[in-house]
Amino acid sequence: MSSSLKSLTGTGAVVTGGASGLGRAITEALAMAGASVALLDANGPAAQAAAAELVDSGCDVIGLQCDVTVPDSLSAAMATAAERFGGIRVVFANAGISAGPGPGSGGKSLLELDDENWDRVLAVNLSGVIRTARAALPYLIESGSGRLIITSSSAAIMPTLFVGHAYAASKAAVHHLTQYLAMELAEHKVLVNCLAPGPFETNIASGRLKQPDIAEQVAKSVPLGRIADPSEIGPVALLLASPDNGFMTGSLISIDGGTVAGNWSH
Ligand SMILES: NC(=O)c1ccc[n+]([C@@H]2O[C@H](COP(=O)([O-])OP(=O)(O)OC[C@H]3O[C@@H](n4cnc5c(N)ncnc54)[C@H](O)[C@@H]3O)[C@@H](O)[C@H]2O)c1
107 MSSSLKSLTG
117 TGAVVTGGAS
127 GLGRAITEAL
137 AMAGASVALL
147 DANGPAAQAA
157 AAELVDSGCD
167 VIGLQCDVTV
177 PDSLSAAMAT
187 AAERFGGIRV
197 VFANAGISAG
207 PGPGSGGKSL
217 LELDDENWDR
227 VLAVNLSGVI
237 RTARAALPYL
247 IESGSGRLII
257 TSSSAAIMPT
267 LFVGHAYAAS
277 KAAVHHLTQY
287 LAMELAEHKV
297 LVNCLAPGPF
307 ETNIASGRLK
317 QPDIAEQVAK
327 SVPLGRIADP
337 SEIGPVALLL
347 ASPDNGFMTG
357 SLISIDGGTV
367 AGNWSH
C-alpha cells in the first residue's frame, strides 16, 4: 500500500465546462497530477485561453470549443481528445448553468416561470450530462478503468429557494442518474460518482457569489462560515479520478463546508 495516490501520467481526461470555475480547477488538478486533459467549453476563446495558461505552467492541456447540448459537438471533441491522448479514461461532466435566483432570493415564482429558461437549464445541466456520458462511453470502456464524475450541487440534496426551479430539479436528477449509470456501467468497470459542491466563488450566475453582500449572506448558511475557492475541489476530484479508487461508485460526495449537514440539523 502506498501513502499517496498514483500519478495520472498517461491518463487522458476530459472536463466539460473547463474554461472557468470548478471545471478550470479540476483541469488544473488533473494536469498537475500528470494527466493530459482536454477542457471542453461552449465558450471557445475562453477554452483556448484557459488551456494556454495551463500549458504555460507546464501542463498537457488542450482547449476545445464544445457545447454539451449538441451531440455532434461532443462526439467530435471526444474523438479529438482520444486521438491526441491515446484514449480517455477520466471524464468530468461538469458544465452547468444557473437558472437565476430562486423565489427565496428575489427570483421568479412558479407563476412567473420562464419556459425558455427552464428548457435551457435542463438541456445543459441534465441532458448535457447524459450526452457527455454517452459520447465518452466507448473510450471509458476501452480504457479498462473508466471514471465518470458528474457535478451536481448541495441544492440537489437540500431543497433551497435560493436557486431557481430548473437548477434544483436538474441537479437532483443528475444525482439519480449517477446511481443509475453506476449500476448500468459496473459490468464495464466504469465507476460513476457525483460531486455535490456547496458555494464556490466562480463565475456561475454572472459571478453572483463574488458580490460581497451576497457572499456574506450565503457564508452564514455554511457551518465553516465561508465560500470556497475553486482550487479546493482539486483533491476530491483527484481521488475520484484515480485508479486507486476502485470500489467507490454511485456515491454522492458533498464538498460544501457542512452546508447540507448544518441545514438538516435545524
Ligand atoms: N460555484 C458554485 O457555487 C457551484 C455550486 C454547486 C454546483 N456548481 C456546479 O459546478 C459546475 C461548474 O460551475 P461553476 O460554478 O464552475 O460555473 P462557471 O460559470 O464558473 O463555469 C461553468 C463553465 O461551463 C461553461 N458552459 C456553460 N454552458 C455550457 C455548455 N452548454 N457546454 C459546455 N460548456 C458550457 C461556461 O462557459 C463556463 O466556462 C456546474 O455544474 C454548477 O452547477 C457550482
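Quick note, the sequence shown lines up with residues 107 to 372 if you use this note's numbering.
For each residue, glycine too, the CB sits at the ideal point set by N, CA and C.
Range covered by the beta strand (DSSP E) that runs through residue i
i, result
"THR117", "Here THR117 belongs to no beta strand (DSSP E), and DSSP marks it neither H nor E."
"GLY169", "166 to 171"
"ILE395", "Because the chain in this structure spans residues 107 to 372, residue 395 falls outside the shown range and cannot be described."
"ARG253", "253 to 257"
"LEU145", "142 to 147"
"ILE358", "The identity of residue 358 in the sequence shown is Leu, whereas the question assumes Ile. Element bounds for LEU358: 358 to 361."
"PHE268", "Careful: PHE268 lies outside any beta strand (DSSP E) and carries neither H nor E."
"LYS199", "According to the sequence displayed, residue 199 carries Ala and not Lys. Counting along the chain, the beta strand (DSSP E) containing ALA199 begins and ends at 196 to 199."
Pair within 7 Å by beta-carbon distance, residue i and residue j
i, j, result
"ASP335", "SER260", "no"
"THR117", "VAL227", "no"
"GLY150", "ASN309", "no"
"THR122", "ASN200", "yes"
"VAL57", "MET264", "The structure shown does not extend to residue 57, since the chain is modelled only from 107 to 372, so the question has no answer here."
"PRO305", "VAL324", "yes"
"ALA272", "ALA205", "yes"
"VAL269", "ILE256", "no"
"ALA156", "ARG190", "no"
"ASP147", "ALA153", "yes"
"LEU232", "VAL296", "no"
"ASN351", "LEU345", "yes"
"SER360", "ASN299", "no"
"LEU315", "ILE333", "yes"
"SER181", "ALA241", "yes"
"ALA364", "PRO329", "According to the sequence as given, residue 364 is Gly; it is not Ala. Against a cut-off of 7 Å, the Cβ pair of PRO329 and GLY364 comes out as a contact."
"ALA185", "CYS172", "no"
Alpha-carbon to alpha-carbon, residue j and residue i
i, j, result
"PRO209", "MET138", "41 Å"
"ALA188", "ILE168", "12 Å"
"VAL120", "LEU170", "10 Å"
"GLY193", "GLU248", "8 Å"
"ALA262", "ALA275", "7 Å"
"LEU254", "THR238", "10 Å"
"GLY250", "LEU301", "22 Å"
"GLY213", "SER109", "48 Å"
"GLU222", "GLY124", "25 Å"
"SER113", "ALA347", "11 Å"
"ASN369", "THR266", "10 Å"
"VAL280", "LEU287", "10 Å"
"SER312", "ILE320", "12 Å"
"PRO244", "MET107", "31 Å"
"GLU307", "GLY202", "15 Å"
"SER327", "SER211", "14 Å"
"GLY144", "CYS165", "A small correction: the amino acid at residue 144 is Ala; Gly does not occupy that position in the sequence shown. If you take the alpha carbons of ALA144 and CYS165, they lie about 11 Å apart."
"PHE198", "PRO207", "26 Å"
"LEU111", "GLY252", "16 Å"
"THR378", "ASP220", "Here the chain comprises residues numbered 107 to 372, so residue 378 is not present and cannot be evaluated."
Environment of residue i [buried if 16+ CB atoms lie within 10 Å]
i, result
"LYS277", "buried"
"GLU134", "buried"
"SER258", "buried"
"PRO303", "buried"
"HIS372", "Residue placement at HIS372 cannot be trusted, given a pLDDT of 48 that sits under 50; what the coordinates show is reported in the next sentence. Per the 10 Å Cβ criterion, exposed."
"THR115", "exposed"
"GLY331", "exposed"
"LEU160", "buried"
"LEU136", "buried"
"LEU217", "exposed"
Residue span of the alpha helix (DSSP H) that contains residue i, given as start and end
i, result
"ASP319", "318 to 325"
"ASN223", "221 to 228"
"ALA298", "For the sequence presented, residue 298 should be read as Val rather than Ala. Taken as a continuous stretch (DSSP letters only), VAL298 belongs to no alpha helix (DSSP H), being part of the beta strand (DSSP E) at 297 to 303."
"ALA275", "271 to 291"
"ALA139", "Where ALA139 is concerned, there is no enclosing alpha helix (DSSP H), given that its DSSP letter is neither H nor E."
"PHE191", "177 to 191"
"THR238", "234 to 249"
"LEU344", "340 to 347"
"GLU218", "Note, GLU218: premise wrong, no alpha helix (DSSP H); not H, not E."
"LEU160", "150 to 162"
Proximity test, residue i beta-carbon vs ligand 3 heavy atom, cut-off 6 Å
i, result
"ALA242", "Looking at this structure, you won't find ligand 3 anywhere; what it does contain is ligand 1."
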